[in-house]
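Read in order, the letters of the first sequence are residues 7 to 121 in my numbering.
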Amino acid sequence: MSDLAQQRVSAILKAVRGIKRGTFASYGEVARRAGLPGRARLVGTVLRDSGDMKSLPWHRVTGAGGRIAFPVGSRPAREQIRRLEREGLKARGNRVVQKPSAASPRTLDALLWKL
DNA sequence: CGGGTGACAACGT
DNA sequence: AACGTTGCCACCC
Numbered sequence: 007m008s009d010l011a012q013q014r015v016s017a018i019l020k021a022v023r024g025i026k027r028g029t030f031a032s033y034g035e036v037a038r039r040a041g042l043p044g045r046a047r048l049v050g051t052v053l054r055d056s057g058d059m060k061s062l063p064w065h066r067v068t069g070a071g072g073r074i075a076f077p078v079g080s081r082p083a084r085e086q087i088r089r090l091e092r093e094g095l096k097a098r099g100n101r102v103v104q105k106p107s108a109a110s111p112r113t114l115d116a117l118l119w120k121l
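Below you can see the structure in the form of structure tokens.
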């Protein structure tokens with residue numbers, strides 16, 4: 007593997023390790039944090055090939071908007087959701103639900119209009 | 001060189 | 001909400 011490629015892999019793994027417990031980040035977000043905007047696919051490739059399912063918080067990486075990237079009901083999908091729930095997050099179907107603190111438009115309206 | 005394939009994303013219909 | 005397109009990029013045939 008070329009040095010450049012290895013550097014990118016390191017940057018991505020570092021970004022993944024940097025996702026705090028109880029939170030999650032999309033592939034695209036991880037790519038941006040690794041200094042590789044637009045390369046979400048590369049993040050998936052790296053995770054797939056990394057093999058370190060043991061030491062990496064791979065379960066904190068989701069598709070855009072918290073969508074689980076694995077097929078619904080598949081082994082890895084269930085495992086990922088199980089791990090995320092163990093960290094206090096909740097999932098509905100194949101999607102990680104935002105924390106209650108996240109303001110929905112309705113809630114924002116309520117705040118702005120003091121209702 | 002050309003075509004297909006991904007743990008993806010954004011946008012349009 | 002569900003697809004189809006396009007952009008992206010590393011790899012493999």
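Even for Gly, the Cβ is constructed at its ideal location relative to N, Cα and C.
### Task
Just the C-alpha distance for residue 101 and residue 17, rounded to the nearest angstrom, thanks.
Their Cα atoms are separated by approximately 26 Å.
### Three-way DSSP call (helix, strand, coil) for residue 88 in this model
If DSSP states are grouped into helix, strand and coil, residue 88 belongs with the helices.
### Message
Less than 7 Å between the beta carbons of residue 15 and residue 67, yes or no?
### Response
Their beta carbons are not under 7 Å apart, which means residue 15 does not touch residue 67 by this criterion.
### Query
Should residue 88 be labelled buried (16 or more other beta-carbon atoms within 10 Å of its own) or exposed?
By the neighbour-count rule (16 or more Cβ atoms within 10 Å), residue 88 is not buried but exposed.
#### Entry: Limits of the alpha helix (DSSP H) - the one that residue 15 falls within
From DSSP, the alpha helix (DSSP H) with residue 15 extends over 9-23.
### Message
I'd like to check one pair, residue 46 with residue 37: are the Cβ atoms closer than 7 Å?
### Response
Remark: C-beta atoms of residue 37 and residue 46 approach each other more closely than 7 Å.
### Task
Mark residue 11 as exposed unless 16 or more other C-beta atoms lie within 10 angstroms of its C-beta, in which case mark it buried.
Label assigned to residue 11: exposed.
#### Entry: Span separating the alpha-carbon of residue 99 from that of residue 28
Here the C-alpha atom of residue 99 lies approximately 19 Å from the C-alpha atom of residue 28.
### Burial state of residue 103, where buried means 16 or more other Cβ atoms lie within 10 Å
By the Cβ-count criterion, residue 103 is exposed, with fewer than 16 other Cβ atoms from all chains shown falling within 10 Å of its own Cβ.
### Query
When the Cα atoms are used, what is the spatial distance from residue 77 to residue 26?
Their Cα atoms are separated by approximately 25 Å.
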